[in-house]
Structures are given as structure tokens and as C-alpha cells.
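Data block below; observations after.
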Amino acid sequence: MICAKLVSPSPRSEARGEGQEEGQLIKNSTSPRPSPPTSLAERETGVQQTRRSAPRSVLARERARTAGAMLAECRFCAHDCGVNRLAGETGLCHAGAKARFFSAQVEVSDELELIPTFAVALSGCDLRCDFCITGASSWNPRAGAGFDAGAMAAQARMALQGGARTVMVLGGEPTIHLPAALEFVSLLPETAKLIWKTNAHASVPARELLNGMFDVWLADFKFGNDACARRLAKIPDYNRVVQENLLWADEHSELIVRHLLMPGHVECCWQPVAQWLAANLPGVKVNLRAGFWPAWHAARHAELRRLVSTRENDCAVGLAREFNLNLIP
Amino acid sequence: MKKPPTRKSFRPSGGNLESEFLILPDGRILAHNLTQPFAELLHQLNPTDEQFAARLSRRNKVEADVTGHYAPPGKSGRADLPVSPAGRQRRPTRVSAPFLNH
């Protein structure tokens with residue numbers, strides 16, 4: 000039975016050391032991990048402490064200007080292209096200097112503790128996941144309409160006044176549009192709960208700009224090994240980069256990790272992801288997304304031409320239990 | 000000269016909300032970008048679905064006029080939300096329930 004094969008008898012003891020690929024970033028789990036805040040309300044206190052030097056809106060405005068200047072040598076994501084987007088050059092994401100968006104509406108399909116959320120999806124992405132459900136807009140930074148931070152912030156405020164619990168900035172990948180995202184933040188109420196929905200492929204300078212800006216990092220951990228990441232998303236060095244980002248996010252904000260369960264990738268992707276999370280981010284909130292469907296260019300890969308089977312779902316949940324993950328709905 | 004966006008890459012906003020669904024042969028429905036009105040519709044089709052009940056609780060509701068202000072100009076969706084069967088085929092929620100109600 001596949002589950003019996005998948006579930007390691009002592010995952011925690013094997014989570015570090017011998018079982019890890021060379022180059023993976025591993026926390027020393029002998030040090031107790033500080034308990035993360037468990038709710039947005041608790042998080043609010045922490046974020047206020049993080050924002051100590053100035054109100055978030057002021058910091059965001061300053062950082063938006065800084066980020067805008069950094070477009071002259073863009074290194075927002077781990078691709079580290081260094082292109083001058085202000086001069087019309089484009090890197091692997093193909094994004095220019097101006098952000099566009101392809102969706103902005105109140106939604107209820109995200110984590111229960113975050114909804115209803117006013118979700119703003121910026122066009123373009125630095126990854127090329129063949130199975131991307133929003134591939135047409137995520138791969139094309141020119142999709143959608145021009146992003147007006149002021150107008151969008153006005154709509155976000157209306158949504159909040161109408162009952163939306165959070166404001167979520169996503170993509171595509173919002174990291175490639177840091178100037179616009181930070182300008183948007185600068186125009187939102189200080190008390191608004193802000194969610195940064197990301198592929199966790201940000202660079203160190205990008206993270207520094209984001210520090211204290213968002214209450215929750217809602218971060219994808221898509222692939223459990225670099226071979227799948229290269230094959231399905233054309234991305235090198237995936238695990239090192241994502242793990243580094245997740246560890247950083249956990250220390251600087253509330254973190255929710257998402258994994259989209261994919262057909263044929265329980266053993267190669269979900270299992271190592273679950274194992275790493277158990278060893279390095281014990282107790283972190285994890286949302287195992289079960290609704291994969293073959294979209295965009297998924298059919299380029301034989302195993303992605305179908306849905307996740309019931310057996311695979313059951314195995315994935317079994318693994319989560321085995322690793323004592325903190326699954327959230 | 001800057002090339003104007005093609006029709007393929009830009010569909011102007013029409014003031015509508017947008018959600019995406021995939022209806023499976025066995026009656027299950029997968030949903031992306033679920034908005035409140037669509038969630039309510041699906042909930043009416045299958046009132047016993049606990050996932051929708053949770054997502055439509057009083058705490059999770061927003062005023063309709065706010066929801067209606069925004070429109071996705073293009074095909075969208077990224078939050079993969081498995082939904083239990085709707086309508087006449089009410090099989091067990093084999094895929095969705097273990098995850099969203101865990």
C-alpha cells in the first residue's frame with residue numbers, strides 16, 4: 000500500500016541530517032522554536048512592535064520609493080536578474096516598471112481565519128509553473144489593467160468597512176511588483192490585517208523591504224525536491240530559496256504554509272515538504288490544498304493530466320498526521 | 000511605440016465577480032476564486048456541505064454592495080478549494096472533506 004511506503008516510521012528523527020539533500024537550509028531544531036502568535040489578534044500586537052520606528056503607512060511609503068529606485072537593477076526575486084526595468088529591460092518575469100492587476104474582489108476560498116478577504120492579484124510571476132491555474136495572467140505581466148494604488152486602496156477600505164476581514168496581495172507573484180505593493184500598503188488603514196500571498200522565492204533585499212509590512216505571510220511550498228521544481232516550474236535551487244524565505248517569514252510575521260497537492264507528487268513533493276516543516280517549523284500552520292485540476296500547461300506532464308486520487312489524498316492526510324502538522328482549513 | 004494590450008491579454012472589467020468551477024462526472028465540484036455569491040449558490044445546491052456553511056457564517060459575510068464593486072478583468076483563480084457534490088449526486092466528499100475540515 001502506498002501509504003505504508005510513504006510514511007516514515009520516525010520522521011522527526013530523520014528530518015535532519017542524513018535524509019536531507021545537500022544544500023538544504025536546515026534549522027537547528029535543538030533550539031526551542033518560539034511559539035508563533037496563533038491568531039491575527041495576537042499577531043497584531045507583534046506587528047505593532049515590529050513597526051516600532053514609525054507607522055506602517057509611513058514606512059511603506061518610504062520603502063515604496065526605495066523599491067521604485069531598485070527597479071533600475073531589479074533583484075527582488077531569487078533569479079537576481081539585475082535588469083534595469085526603469086529603462087525597459089525585462090528579466091525572467093518579463094515585468095516592466097508598472098504593475099498591472101488581473102483580479103480584485105472579495106473572496107471566501109482562502110483559509111477560514113483569513114476570509115472574507117479583499118484579494119488583489121497582480122499580473123506576472125517569476126516562476127513558470129506549468130500547472131498554474133492562473134497561467135494566462137500569471138505568466139503575462141501585461142495582463143489585466145493598470146494598477147492604481149490609490150483607487151485600489153479606496154476599494155480595499157470599502158471592503159473592510161463592509162465586513163472583509165483582511166486584505167490580500169497576491170499574483171502571479173507580488174514580489175516582482177514591490178513598489179506598487181508597498182505603495183498600496185501605505186494607503187491602507189494601520190489596523191487593516193494584511194496578507195502577503197507569495198511563492199516564497201523572494202530575495203534578501205525584497206524581504207528587508209517587506210519586513211513589518213504584512214501581518215501574515217501566506218507562502219507556497221510547492222515542490223519537495225529541486226528536480227520537480229526544475230521540470231514543472233523551470234526554477235533552479237528551489238528548496239534552498241523557499242526554505243530560507245519560510246524561516247525568515249516565520250521569524251518576522253505570522254506564517255501560513257500552503258502546499259497544493261498534485262497527482263503523482265505525494266511521495267516526491269508532499270512527503271519531503273511535510274518532513275521539512277515538521278523538523279524546522281513545528282507547529283506552523285499548514286494548509287494542504289486538495290483541489291488540483293489540470294490547468295494551463297499541465298498536460299505537458301503526463302502525471303498532471305488527471306486529478307488527485309482519493310488514495311493520494313488519504314495518503315497525504317496520513318502523512319500530515321504522521322508528521323504532526325498543524326493543518327488548518 | 001508601445002504595443003497596446005491584446006484582447007487575449009486584457010478583458011475590460013464589466014463590474015462582475017468571477018469564480019471558476021470544475022464540475023466532475025461524479026458530481027463533485029472544484030472551485031477557484033470563490034466569491035460569496037457563488038459560495039451561497041453552491042451552498043443552496045448542497046446545504047449539508049459543512050465547508051460552505053463555515054465559509055458563509057455570519058462572521059464571514061460581507062455586504063453585497065462591497066463585493067459587487069470589484070470585477071476581475073481576466074480569467075483568474077488560484078485558491079484551489081475542493082467542494083463537495085452538488086445537486087442530485089451527493090456522494091461522500093471524498094476529496095475535500097479530509098482537508099478543509101481537518
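Sequences listed follow chains A and B, in order. With numbering that gives the first Met the number 0 applied, the first sequence covers 0 to 328. With numbering that gives the first Met the number 0 applied, the second sequence covers 0 to 101. Where is the CB? At the ideal position from N, CA and C, for every residue including glycine.
Distance cutoff 8 Å, beta carbons only. Does A:Q270 sit that close to anything in chain B?
On the first sequence, residue 270 of chain A is found 271 positions in, with the first residue counted as 1. Judged by the 8 Å Cβ criterion, A:Q270 is not in contact with chain B.
Could you confirm whether any beta carbon from chain A is found closer than 8 Å to the beta carbon of B:T47?
Here residue 47 of chain B refers to the residue found at position 48 of the second sequence. It does not: the Cβ of B:T47 has no partner Cβ on chain A nearer than 8 Å.
Only counting the same chain, and skipping five residues up and downstream in sequence, which positions put a Cβ closer than 7 Å to that of A:L208?
As a first step, residue 208 of chain A must be located in the first sequence, where it is residue number 209. Once the five neighbours on either side are set aside, the close Cβ partners of A:L208 are R62, T65, A66, L177 and L181.
Rounding to the nearest angstrom, what Cα-Cα distance links A:L324 and A:A77 in this structure?
For the purposes of this step, residue 324 of chain A is identified with residue 325 of the first sequence, where counting begins at 1. For the purposes of this step, residue 77 of chain A is identified with residue 78 of the first sequence, where counting begins at 1. Each residue's alpha carbon lies about 28 Å from the other.
Along the segment 115–148 of chain A, what residues have a CB closer than 7 Å to any CB found in chain B?
P115, A120, I132, T133, A135, S136, N139, R141, A142, G143 and A144
Please give the ranges of any beta strand (DSSP E) in the segment 159–214 of chain A, keeping only runs that are unbroken, at least 3 residues long and fully inside the region.
Secondary structure within the segment 159–214 of chain A: the beta strand (DSSP E) runs of 3 or more consecutive residues, fully enclosed, are 165–169 and 192–197 (chain order).
If you check the beta carbons only, do A:R257 and A:N286 fall under 8 Å apart?
Residue 257 of chain A sits at position 258 when you count from the first residue of the first sequence. Residue 286 of chain A sits at position 287 when you count from the first residue of the first sequence. Yes; because the gap between Cβ atoms is below 8 Å, this pair is in contact.
If you draw a straight line from the alpha carbon of A:A53 to that of A:R156, how long is it in whole angstroms?
On the first sequence, position 54 is the one that residue 53 of chain A refers to. On the first sequence, position 157 is the one that residue 156 of chain A refers to. About 21 Å.
Note down, in chain order, all residues in the segment 23–48 of chain B with a beta-carbon under 8 Å from any beta-carbon belonging to chain A.
Along the segment 23–48 of chain B, the positions whose C-beta sits under 8 Å from a C-beta of chain A are L23, L29, A30, H31, N32, L33, T34, Q35 and A38, read in chain order.
Please report how far the alpha carbon of A:I234 lies from the alpha carbon of B:P46, in whole angstroms.
Translated into positions along the first sequence, residue 234 of chain A becomes position 235. Translated into positions along the second sequence, residue 46 of chain B becomes position 47. For A:I234 and B:P46, the distance between alpha carbons rounds to 42 Å.
Please check if any C-beta of chain B sits within less than 8 Å of the C-beta of A:G275.
Along the first sequence, read from residue 1 onward, the residue named residue 275 of chain A stands at position 276. Sequence check: residue 275 of chain A is Trp here, not Gly. Against chain B, the CB of A:W275 has no partner CB under 8 Å away; the residue lies outside that interface.
Would you check if the distance between the CB atom of A:M212 and the CB atom of A:V184 is smaller than 8 Å?
Here residue 212 of chain A refers to the residue found at position 213 when the first sequence is read from its first residue. Here residue 184 of chain A refers to the residue found at position 185 when the first sequence is read from its first residue. In contact: A:M212 and A:V184 (Cβ atoms closer than 8 Å).
Determine which residues of the segment 99–116 of chain A have a Cβ less than 7 Å from any Cβ of chain B, and write them out in chain order.
F101, S102, A103, Q104, V105, E106, V107, S108, D109, L111, I114 and P115
So A:H258 is in the beta strand (DSSP E); what residue range does that whole segment cover?
Within the first sequence, numbered from 1, the residue matching residue 258 of chain A stands at position 259. E253 to L259 is the span of the beta strand (DSSP E), which, as asked, contains A:H258.
Return the Cβ separation of A:F101 and A:A142 in integer angstroms, given the expectation that the two are a contact with Cβ distance under 8 Å.
Taking the first sequence and counting its residues from 1, one reaches residue 101 of chain A at position 102. Taking the first sequence and counting its residues from 1, one reaches residue 142 of chain A at position 143. Yes, they are in contact, since the Cβ atoms of A:F101 and A:A142 sit about 5 Å apart, within 8 Å.
Going by Cα to Cα distance, which pick from A:W138, A:F117, A:E110 and A:C131 is closest to A:A94?
Locating residue 94 of chain A in the first sequence gives position 95, where the first residue counts as 1. The shortest C-alpha separation from A:A94 is found at A:W138.
Quick check on A:R99: does DSSP put it in helix, strand or coil?
Start at 1 with the first residue of the first sequence, and residue 99 of chain A comes out as number 100. It is a strand residue.
Please go through the same chain and pick out, in chain order, the residues whose beta-carbon is closer than 7 Å to the beta-carbon of A:V82, but skip the five residues on each side of it.
Here residue 82 of chain A refers to the residue found at position 83 of the first sequence. Same-chain partners within the cutoff: C73, E88, T89 and G90.
Give the single residue among A:N198, A:A191 and A:S108 whose Cα lies nearest to the Cα of A:L159.
By one-based count along the first sequence, residue 159 of chain A stands at place 160. Per the Cα distances, A:A191.
Rounded to whole angstroms, how far is the Cβ of A:A228 from the Cβ of A:F220, which I believe are closer than 8 Å?
Taking the first residue of the first sequence as position 1, residue 228 of chain A is located at position 229. Taking the first residue of the first sequence as position 1, residue 220 of chain A is located at position 221. Wrong, their Cβ atoms sit about 11 Å apart, outside the cutoff.
Would you decide whether B:N32 is buried or exposed? Buried here means 16 or more other CB atoms lie within 10 Å of its CB.
Numbered from its first residue, the second sequence carries residue 32 of chain B at position 33. B:N32 is buried by the Cβ-count criterion.
What residue ranges within the segment 259–290 of chain A form continuous beta strand (DSSP E) runs of no fewer than 3 residues, ordered along the chain?
284–288
Suppose the cutoff is 6 Å on Cβ atoms and the five residues either side in sequence are ignored; what does the same chain contact list for A:V316 look like?
Stepping through the first sequence from its first residue, residue 316 of chain A is reached at position 317. Nothing listed; no residue qualifies.
Would A:W292 pass as an interface residue toward chain B - the criterion being a Cβ-Cβ separation below 8 Å?
Translated into the one-based positions of the first sequence, residue 292 of chain A becomes position 293. For A:W292, the answer is yes, since a Cβ of chain B falls inside 8 Å of its Cβ.
May I have the straight-line CA-CA distance separating A:L326 from B:L23, to the nearest angstrom?
Within the first sequence, numbered from 1, the residue matching residue 326 of chain A stands at position 327. Within the second sequence, numbered from 1, the residue matching residue 23 of chain B stands at position 24. About 26 Å.
Could you name the residues of the same chain whose beta carbon sits closer than 8 Å to that of A:G134, not counting the 5 residues immediately before and after it, in chain order?
Here residue 134 of chain A refers to the residue found at position 135 when the first sequence is read from its first residue. Within the same chain, C128, A294, W295 and H296 come within 8 Å of A:G134 by CB-CB distance, once the 5 residues on both sides are set aside.
Exposed or buried, B:S56, counting other C-beta atoms within 10 Å across all chains shown (16 or more means buried)?
Working through the second sequence from its first residue, we reach residue 56 of chain B at position 57. Looking at its Cβ environment, which holds fewer than 16 other Cβ atoms inside 10 Å, B:S56 is exposed.
Out of curiosity, what's the CA-to-CA distance linking A:P262 and A:L306?
The sequence position of residue 262 of chain A within the first sequence is 263, counting from 1. The sequence position of residue 306 of chain A within the first sequence is 307, counting from 1. Approximately 6 Å, taken between the alpha carbons.
What is the DSSP secondary structure of A:V82, counted as helix, strand or coil?
For the purposes of this step, residue 82 of chain A is taken as the residue at position 83 of the first sequence. Of the three classes helix, strand and coil, the one that applies to A:V82 here is strand, per DSSP.
Is it buried or exposed for A:R84, if we count other Cβ within 10 angstroms and need 16 for buried?
As a first step, residue 84 of chain A must be located in the first sequence, where it is residue number 85. Per the 10 Å Cβ criterion, buried.
Does chain A have any CB closer than 8 Å to the CB of B:A52?
The sequence position of residue 52 of chain B within the second sequence is 53, counting from 1. Cβ-Cβ to chain A under 8 Å: no for B:A52.
Which partner residues does A:C73 have in the DSSP bridge list?
Taking the first sequence and counting its residues from 1, the one referred to as residue 73 of chain A is at position 74. For A:C73, which the question treats as bridged, DSSP gives the partners A:V82.
Anyone know if the C-beta pair for A:G145 and A:R99 falls short of 8 Å?
Numbered from 1 along the first sequence, position 146 holds the residue referred to as residue 145 of chain A. Numbered from 1 along the first sequence, position 100 holds the residue referred to as residue 99 of chain A. A:R99 sits close to A:G145, with the two beta carbons spaced by under 8 Å.
DSSP on A:E302, reduced to helix/strand/coil?
Locating residue 302 of chain A in the first sequence gives position 303, where the first residue counts as 1. If DSSP states are grouped into helix, strand and coil, A:E302 belongs with the helices.
Could you give the residue range of the alpha helix (DSSP H) that holds B:A30?
By one-based count along the second sequence, residue 30 of chain B stands at place 31. B:A30 -> not in any alpha helix (DSSP H); beta strand (DSSP E) instead, spanning I28 to H31.
State the Cα-Cα distance for the pair A:E250 and B:L16, rounded to the nearest angstrom.
Locating residue 250 of chain A in the first sequence gives position 251, where the first residue counts as 1. Locating residue 16 of chain B in the second sequence gives position 17, where the first residue counts as 1. Taken atom to atom, the span from the alpha-carbon of A:E250 to that of B:L16 is near 36 Å.
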